[in-house]
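Take the sequence shown: its letters are residues 1 to 803, numbered as in full-length UniProt numbering. What follows is a single structure, written as structure tokens, with notes after it.
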Amino acid sequence: MSTLHPPNPTTIPPLSPSDPHPVNSTPPPPLRIAIIGFDNYDHFLAKTLLSQGHTLLAHSLSDHSSSASLLNVSFFTTDLHELCQRHPDIILLSTSIQTTENILKTLPFHLLHPNTLFVDVLPVKVFAKTLLLQYLPQHFNILCTHPMFGPPQQSVDSRGPRFVYDKVRIIGGDGVSRCESFLGVFEREGCEMVEMSCADHDRYAAGSQFLTHTVGRVLEMMNLETTPINTRGYEALLGLVENTRGDSFDLYYELFVYNNNSLEMLEKLGCAFESLRKELFGSLHGVVSKNLFEGETHKETRNGMIRSKDDADFNYGYNTARWLKIGIVGFGNFGQFLAKTMVKQGHTVLAYSRTDYTDAASKLGVVFYSDVDDLFEEDPEVILLCTSILSTEKVLKSLPFQRLKRGTLFVDVLSVKEFPRNAFLRVLPQDFDILCTHPMFGPESGKNGWNGLSFVFDKVRIGMDDRRRTSRCDSFLDIFASEGCSMVEMSCAEHDRYAAGSQFITHTVGRVLEKLSLESTPIDTKGYETLLKLVESTAGDSFDLYYGLFLYNPNAMEQFERFGSALESLKKQLFGRLHCLLHKQLFGNDEESRIMLETTGYAKATYGEKSKDFDKAHAIYPPKQSDITGKVIIYTLVGLCILLCLFISIGFYVIAKPLKASLTSVALRNLKYNDTSSSSWPYFNATLAMKIRIDNPNFGFFEFPTSKGDIMYNGRVVGEIKVSGQRVDSYSAIRLEVRTEVSYRGNHVWLKNDIKRGLIILKIEAKLRGEVHLLALNKGSVNLKCLMHLNLIDEVIQRLWCK
Ligand code: NAP
């Protein structure tokens, strides 16, 4: 069975044969379609094709004969000959990326009619097109497609399902009509038909499909959990994780390996995260150095100077009506957003801010004061603090509390809660009430009303002895409850714990993605649209807000680092697997690959360092002391025996130990290669200046005559190395310098692709046969077996491994 389902289920709306779209035109003559790689996804496609009167044949490695016969599809198990002898009009390749090439190699083309139309449904299109052009004889037609929909049980999209296609090679009247009939199947089902080149598809898909999968996987690795105070953005992220979880790592890995643009996208994502980290840590550094070197500049608070004007007034003097007089301090983005609804509900709103917002305030029906003393003189019952998190303490300390009535209610809306709670308790006069709140929405997510959005609050200090004070607090909360908010009472500490997981990570993802300047594409997936929306909603918030979340939520740093580690470990997983594949291909030996991987450090990432079970077993059954003593005695005896043997062994002087050769460095000179867009054959040539080290661990010296070796590229010899004869003294090493030319030219798609990718992988093999001079003369040889990545873009040897 295929390891990869051709379409990407995260993105896919259903195409339901039971709910056909209106048929606009009369169906064309029925086609005989052979589906190769017939699995669950194809069962669903088959139903659609059959419902439009086409005849179906199917082949798959697994036995799907019973489901095929239920659908009235002729099923062929192992033999593709039998299927081809039925002369299908269309071969629909629904195989995984890895198996498609094998199928193409084994198909008996001679049994098929000329003009047979080959259609693939792989999610990576340049790769599929290249394969089909490489293997199919000239007279076969090629249509590359990506149906961006799945079976009806998968996620639903409000848009019509999309069908992306590229008519790669359609020749002759027959070919054209067959191709149109096939496309007509999907058009009649109501698909949005998108014709675009395979290269364009992959470029867009790297942005949309691969990036969406990557973000989903990174978040999945962070084990995000739903909280009682989810924001819309966070819920969208949880949805993304849920969708990605349904897809195999194989699918993700193949999107990475077979789409040339994915690597770039992955690197960009890493860079964006790093740049955000620099921004955050840079600001943090600024704060720390200010504190260390400048000290606190303004310690005096106006609050301490004069007591509250109604000190002796036991009647607190506020009205108990439902309509409140609210003074907003900090009339920026969020303050204005809240004021709009408060005014709409009939409350009197006054505002003060550092910046002059007189015009904006009058449009909203708010009275603006540029002096906070004037605002406080108006006896507001509620002071609503809407300043940035960073400026809160400074603003709070500068407020003239003495102008307010005793028992005024102070409310904040900061996105972190423990910090303002502690600041209020520390700075505010004892007889003021304190309500800490966090509307879990903003101007973007709450622009169409607040219904269903969470509002968190903590009644930190409300004078319970006076009913009027409690009812004033309730009236304030009712502003949000009456708009349909979901009211969540929880402690400030609890809020911060949940919010670091949800809110901070949502902002982080939004800000990282914002740096990628993502754009909508003609083939946006639903998941990708979620990401675009997230960017839109976080882009509207100030960096101060994000930085405040980071700085004042004690859990934020850990979350930030976890995101970074998850991204890194995902990258390691991808690269580890890629290397495994490369080594297998180059050295054809799993064990060798493993050893090589271990030396490059990738094995650790791919296979893990030590089995967890091993650690667990050790934790549960620690070895007994007596066992340990017994073992020490045995090991000592064994050690002595070995030592004795070693001393006695004249083999030490007789038998040669293996010699070692390796490349210590390679410098690249005179690199030339052609632009793959030019019409001439692709080529590269360069001079390699290599430093070779030969180690002789023997008692006697090693001598070898002038020897030669090959430099290979993709199984072809592209250069020769000549190592002039040398003598290596006992227990020593020599270093040699060898220069050689490498060059290759050929009209191959793989060469073109490698040049386009900017990466040529060269393999070096040389055997230096000679003699090790011990008591008995030993024939000795040393192998030089290395692999290097030649980076065409940076003109360097990027990686070098030697066995
Ligand atoms: P913000 O950048 O966090 O805060 C802007 C406000 O802070 C403006 O009123 C600004 O006054 C004031 N301010 C900034 N630096 C100041 C300073 N040094 N001295 C005095 N005032 C200063 O953006 P915001 O979106 O408006 O958020 C306001 C508060 O609401 C924040 O605490 C935030 O955590 C919270 N909140 C925001 C959202 C949201 O979605 N935006 C949601 C829930 C809660 P001037 O404009 O006069 O300079």
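All C-beta atoms in this analysis are idealised placements derived from N, C-alpha and C, irrespective of residue type, glycine included.
Residue 766: member of the beta strand (DSSP E) spanning 759–773, first to last residue. Per DSSP, residue 696 lies in no alpha helix (DSSP H); the unbroken beta strand (DSSP E) holding it starts and ends at 683–696. One Cα belongs to residue 361, the other to residue 339, and the distance between them is close to 9 angstroms. Boundaries for residue 140: no beta strand (DSSP E) harbours it, and the DSSP string shows neither H nor E there. A distance below 7 angstroms between beta-carbons, with the five flanking residues on each side excluded, links residue 29 to no residue of its chain. For residue 91, the closest alpha carbon among the candidates 60, 64, 556 and 67 is that of 60. For a cut-off of 8 angstroms, the C-beta gap from residue 768 to residue 661 is around 7 angstroms, short enough to register as a contact.
Note that the segment 403–421 touches the segment 373–389; at least 3 beta-carbon pairs, one per stretch, sit closer than 8 angstroms. Within its own chain, the residues whose Cβ lies closer than 7 angstroms to the Cβ of residue 343, once the five positions on either side in sequence are excluded, are 349, 364, 365 and 366, listed in chain order.
The three-state secondary structure of residue 333, taken from DSSP, is helix.
Using a Cβ distance threshold of 8 angstroms, residue 198 and residue 144 count as a contacting pair. Counting C-beta pairs closer than 8 angstroms gives three or more between the segment 521–538 and the segment 235–248, which meets the contact rule.
Distance from the C-beta of residue 682 to the nearest heavy atom of ligand 1 is not below 7 angstroms. Listed in chain order, the alpha helix (DSSP H) runs fully inside the segment 106–140 are 125–135, counting runs of at least 4 residues. Taking a 10 Å sphere around the C-beta of residue 632, we find fewer than 16 other C-beta atoms and assign the residue as exposed. Listed in chain order, the non-local C-beta contacts of residue 744 below 8 angstroms within the same chain comprise 683, 684, 685, 713, 716, 718 and 751, local neighbours out to five positions each way being set aside. For residue 354, the shortest C-beta to heavy atom distance toward ligand 1 is below 7 angstroms.
Distances from the CB of residue 382 to the heavy atoms of ligand 1 are all 7 angstroms or more. Between residue 689 and residue 737 a beta carbon distance of about 7 angstroms is seen, short of the 8 angstroms cut, so the two are scored as contacting. A buried status is given to residue 663, since no fewer than 16 other beta-carbon atoms sit within 10 Å of its beta-carbon. Nearest to residue 435 by alpha-carbon distance, out of 345, 477 and 482, is 477. A distance of 8 angstroms or more separates the beta carbons of residue 504 and residue 457. C-alpha of residue 227 to C-alpha of residue 137: approximately 58 angstroms in a straight line. Note that the C-beta distance between residue 172 and residue 117 is not below 8 angstroms. In terms of Cα proximity to residue 558, the closest of 277, 185, 123 and 98 is 277.
Under the 8 angstroms Cβ criterion, the segment 531–541 counts as touching the segment 229–238, having at least three qualifying pairs. With contact defined as three or more Cβ pairs closer than 8 angstroms, the segment 257–266 and the segment 205–215 are in contact.
Residue pairing by DSSP puts residue 167 in a beta bridge opposite 143.
Secondary structure note for residue 548: its alpha helix (DSSP H) is the uninterrupted segment 543–552. Under the three-state reduction of DSSP, residue 257 is assigned to helix.
Checking the 7 angstroms criterion, the Cβ of residue 486 is out of range of every heavy atom belonging to ligand 1. At the C-beta level, residue 333 and residue 443 come within 8 angstroms of one another. Residue 731 sits exposed, since fewer than 16 C-beta atoms from the chains shown fall within 10 Å of its C-beta.
Using a C-beta cut-off of 8 angstroms, the segment 247–256 makes no contact with the segment 501–518, since fewer than three inter-stretch Cβ pairs fall below that distance. DSSP, reduced to helix, strand and coil, places residue 719 within a strand of the structure shown. At a Cβ-Cβ threshold of 8 angstroms, residue 119 and residue 75 do not count as neighbours.
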